[in-house]
Amino acid sequence: MACRRMAAIGICIGLVITLVAAFAGTGNAQQAKTLKIGSLKAMTGFYSFYDTADAMDIRNVAKMINDKGGLTIKGQKYNIEIVEEDLKSSLEGTTAAATKLAYDKKVKFVVGPAGWFGPAAGAVFNPNKILYVLEFSTGQPGELGPYGFMGGISSITDAMLILAAAKKEFPEAKKLVCVTADDGSVPYLMKGVKKVLARDGYTMVGDVITYSQEMQDMSPIAAKLNAASDADAIFSINMVGPAFANTLKGVRELGNKKPWIGATVMEGPDLITIAGKSAVTNLITLINKPNAPGNPPIFDEVYNMRTGQRQMYTAFGPSALISLVSVIKAANSIDPDAVKAQWEKMDTVDSLYGKAIVSGDESYGIKHHALGVATAYQKGMNGEVTFRGWVPASPIP
Amino acid sequence: MEQVIIATTINVFILSAMYILTATGFALLFSMLGILNFAHGAIYMMGGYIGFELSVRFGLNPWLATLFSMLAMGGLGVVLEKYFFRPFVGNFNKTVMVCIAITIVAQTTINILEGGKIQSLPAFVEGIFKAGPISVSYQRVVTFALGVVLLGIVTWFVTRTKWGVQMQAIAQNMNGALLQGIKVHKISALAVALGCGVAALAGCLMGAYLQLTPFMGDSMLTKVLILVVLAGVGSIGGIFVTGLILGGLDAILPTVIGGATSDAIAVCIVTFLLLVRPQGFFGHESDGGEAPPSTRVVRGERPSRWTAPSLWAGFLLVLCVLPLFFDSPYVLHVLTLTFIYVIASSSLRTITISGQFPMAHGAFMGIGAYAAGVSSKWLGVPVWITIPGAALVTMGLGILIGYPFARLRALYYAMGSLFFGIGVIQIIYAFGIWTGGSSGLYGIEPIFTSSKTPYYYFFLAMATLCLLALHRLEFSRIGSDLKAIAQSHLVASSVGIGEAWYRIFVLGVGCFFVGLAGAGYAHYNMVIGSSNFTLMGTMWLLNYALVGGIESFAGPIIGTIVLFLIPEFFRDLKMYNPFISAGILLFVVYVMPQGLVALPAVLKSRLAGLRGAKGSDAVSASS
């Protein structure tokens, strides 16, 4: 009898515990809402080369934020859900993906795309008041918009940062021969770059040398750069990694060992892979080097969450998400208009590279939509690439 | 200055050798078997990646890795010849579809496995050769030497060996070769294996000299096409001269003219050369430029007729009421784009009924789009003027270009128009200040400022009217004359049909409608870039028509709906999505060779077959 009673009490206690736990669980689930943030990335086509790893980093940043308790806005807890769409490396694909995010997925915030696809995304997002954060900007004003902000970095930021590093590494270089890709951004980009050059006491030798984006063998451009005998150094501005490395190889092959100031983010081993050891000398470039001295902790944390094979660490996308989340928190709202208003009145926002300075009014013709961030740089000397530290963030003109 | 001249002179030879090296494999198949292997770029890319894997991952010597890569690609060539090329000998359409499918599968697979990583083969030879003012890396010297040697070996093989002569015999007359006891399939397989092996060698060398990417074959293919066609059909040795011309232009022009303008001038010069000598510098002048059999537009037996007005009226009615049931703006967006592409692919098909193969149709769509976009953005011209105005501008340019091209037939017409298409893209890049260059043109005035629904009905109406007009033309007297020209231009001329006039006319009509589609696209999308209007853009328009069935007026409509819509609705597959397009292409090629328009007929015959089988089973059971 006593055993039966004990068993009945045990069952009752068990039931009570189960019910309490179940209700407690339901309570928690009801508490945390989901904040959908779009991720507009190239998963197919030529640009997937850059975007696939970046997309993974964005997902990891969202997981990291959720694991740390998510966002709390006006007392309501939110977990981030990343809604990914493939922009298919084309403007038409970008419009289709943006339309899907805007209307079908009903997101109010988007991370991406890269600057080239920015106008296509803006054509959908701006009229629908969807706040989007570009992961990279080439300098064309159409890339940013009323609801378009810059996260990550830009060609002008890159130029500023590497020139600041050049002052330290190559103090004797004052006259620069400049080279950049002819992707349609040259008139806008050079306006900003010329201001930075004048501000930092540099002189441009001749006109900027431009080349077609389609160009494979960069030897003709190397010959042109080599012919600028008046220049103390070569300054490459908006060049994608492979084009930069091939031009470097071509210039060095002609026996030109002048200092090279490269505003391209490229890892040392990748640079050596394409240009060859002998070409990697007397140059500085920007670098996203995980687990290097002086890195902001979050910079390494995001990289170390990666699984699978080694891929490029562009860091643009995750930085854009971190900036966006920091402004949402500051605005204490998930209304894009309130977040937009908050961003436009902030002086600094968080980024993967530490505090970023909200600026670029003159260069972009739009108030407080661009960011000046800090970035690390590396030096190549006699085939060895060494990490040289971080260049602090400064405002874009 | 002296330094630039020396460096440029060296670059002329090195670039020429690079082009020759990459073009030799393609030229071999094109000249010997008449196979326009548009998958050559993909094979070149795969060859490079195999060489990379063997040399970097498995630590093999780069030369040995290249040799294995050549053997592997040669083996793949045998498979390709048997299952992908042989069944479609003499059929340009099917060859194009198969090659595009192979390219998609190869690029997507390598992108999934190797994308996002900067990779390059190790240098074959380290160091820099210096002699006085000359300074050049040994790697480039090796590339140059191999390019020249390889071309010499292939030329010798084709002209001096028994197998090479047999290849030429097959190219000249396959049936005759068969009758003479030549093992046609064996020799064809050998030629494809050789072509693929040479492509792998080029991929490995370029993978060491430049770098590897899954899409490295695309830009190379354009250069190769220019080189081979300029050399002329049937001439492998000719690519030595055209390689020098192209290498010279690409090495000299960027040092004189900056940016994208140099590319535009180079393509314009090549187009002019082709106009002067349409059969290429060393091509055969057979029949005033008639194409080899495999590159003719194939017009086979007519599939089932899809002309029942009630069927189309019902379909139109469904489309009209669709927005009432689907309130998804995304679905409406995709359908709106489908209507635009239906106009573009149907207008392409209209040109093909005259027997011409327009390879610049995507570029003409771009002309319409940019004419509307530029006049709207920079001149503030209202939309109701820019759309018809852009269509007229496109038509005018089409006629202007059609005039010199009218004397070109079949392959030469296709290639001449292909160069024009490439030239258009380069001009868009060169005038970046107005066109936005490779970044695209944005800020184009929209037609409506409200939701997607007005756009849907606007483009549905536009597509309906355009299709009615094109249908009227095709089934008019003019349409019959155009078809007569396609059957035999000599017979048509003998009964007084002015071939050149008709060809210019139909090109003008096709350009008008594709210009209209392009202008509408620009005002709908509000942002335009060149990527839709490249050679691949034309290829997709062509594939829409081929998937549906190019023989039927309904073909491009059905093809666009299937090939554009289905992959769009499988967006969630992300990196794997391109396999859908490849799957559709291969399904149509192998299962429904007449295109999807033949689906009812195929189903009907299968059902009849089943009934027949059941009937015979019943008879046998009862007996």
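For the record, the sequence lines run as chains A and B. Just so you know, the first sequence maps onto residues 810 to 1206 in the working numbering. Just so you know, the second sequence maps onto residues 18 to 640 in the working numbering. Ideal Cβ positions, reconstructed from N, Cα and C, are used throughout, including at glycine.
| Query | Result |
| --- | --- |
| Cutoff 6 Å; reference Q443 of chain B; Cβ partners in own chain excluding five residues on either side | D280, A281, V284 |
| Start-end ranges of the beta strand (DSSP E) lying completely within the region 893–929 of chain A, minimum 3 residues | 918–920 |
| Residue-level contact to chain B via CB, M951 of chain A, 8 Å cutoff | Sequence check: residue 951 of chain A is Gly here, not Met. Yes - at least one Cβ of chain B is within 8 Å of the one on G951 of chain A. |
| Neighbouring residues, chain B, relative to A1032 of chain A (Cβ below 7 Å) | V21, A24, T25, N28, T272 |
| is_contact[I444 of chain B, chain A] using C-beta, thresh 8 Å | no |
| Contained alpha helix (DSSP H) runs [length at least 4] in the region 970–995 of chain A, N- to C-terminal order | none |
| Anticipated Cβ contact below 8 Å, L524 of chain B with G415 of chain B, distance rounded | 5 Å |
| Residues within the region 546–565 of chain B neighbouring chain A, beta-carbon criterion of under 8 Å | G546, S548, N549 |
| Start and end residues, beta strand (DSSP E) containing A613 of chain B | Here residue 613 of chain B turns out to be Leu, not Ala, going by the sequence shown. Looking at the DSSP string, L613 of chain B is not in any beta strand (DSSP E), and its letter there is neither H nor E. |
| Neighbour flag for K134 of chain B against chain A, beta carbons, 8 Å | yes |
| Proximity below 8 Å, CB of A59 of chain B to CB of A123 of chain B | yes |
| Contact list for Q1025 of chain A against chain B, beta-carbon separation under 7 Å | L227, S236 |
| Identity of the residue in B:G276, B:A377, B:T411 nearest F436 of chain B by Cα | B:A377 |
| Cutoff 8 Å: R623 of chain B Cβ touching any chain A Cβ | no |
| Residues that P1051 of chain A contacts on chain B, provided the C-beta gap is smaller than 8 Å | I135, L227, Q228, T230 |
| C-beta contact flag for V606 of chain B and M114 of chain B at 8 Å | yes |
| For V165 of chain B, three-class secondary structure by DSSP | helix |
| For T1012 of chain A, the residue or residues it bridges with in DSSP | A:K984 |
| Backbone CA spacing between K240 of chain B and F855 of chain A [nearest angstrom] | 18 Å |
| Backbone CA spacing between E19 of chain B and E893 of chain A [nearest angstrom] | 54 Å |
| Reference T908 of chain A, options A:I965, A:G847, A:G924, closest by Cα | A:G847 |
| CB contact check: L242 of chain B to chain A, cutoff 8 Å | no |
| First through last residue of the beta strand (DSSP E) which encompasses E944 of chain A | 940–946 |
| CB contact below 8 Å: Y912 of chain A versus chain B | yes |
| Touching by the beta-carbon criterion (3+ pairs, under 8 Å), the region 196–203 of chain B and the region 33–52 of chain B | no |
| Reduced DSSP category for G834 of chain A - H, G, I as helix; E, B as strand; rest coil | In this prediction, G834 of chain A has a pLDDT of 45, which is less than 50 and means its spatial position is unreliable; what the coordinates show is noted afterwards. G834 of chain A falls in the helix class under three-state DSSP. |
| Extent of the continuous beta strand (DSSP E) to which T1157 of chain A belongs | 1157–1160 |
| Burial state of T312 of chain B, where buried means 16 or more other Cβ atoms lie within 10 Å | Residue confidence is low: T312 of chain B scores 40 on pLDDT, short of 50, so the model does not pin down where it sits. No coordinate-derived value is stated. |
| Among B:Q197, B:M62, B:M432, nearest to V215 of chain B - alpha-carbon criterion | B:M62 |
| Residue interval of the alpha helix (DSSP H) (run including T369 of chain B) | 346–369 |
| Nearest-angstrom Cα separation, counted from M49 of chain B out to I187 of chain B | 7 Å |
| Proximal chain B residues relative to Y1020 of chain A, where beta-carbon distance stays under 9 Å | P271, G275, G276, A277, S279 |
| Residues of its chain near A923 of chain A, where Cβ-Cβ distance is below 6 Å and the 5 sequence neighbours each way are ignored | E944, F945 |
| Classification of M237 of chain B by the beta-carbon crowding that lies within 10 angstroms, buried from 16 upward | buried |
| Length of the line joining the Cα atoms of G306 of chain B and L1092 of chain A | Reliability of the predicted coordinates at G306 of chain B is poor, the pLDDT of 44 falling under 50, and no value is obtained from them. |
| I464 of chain B in three-state terms, based on DSSP | coil |
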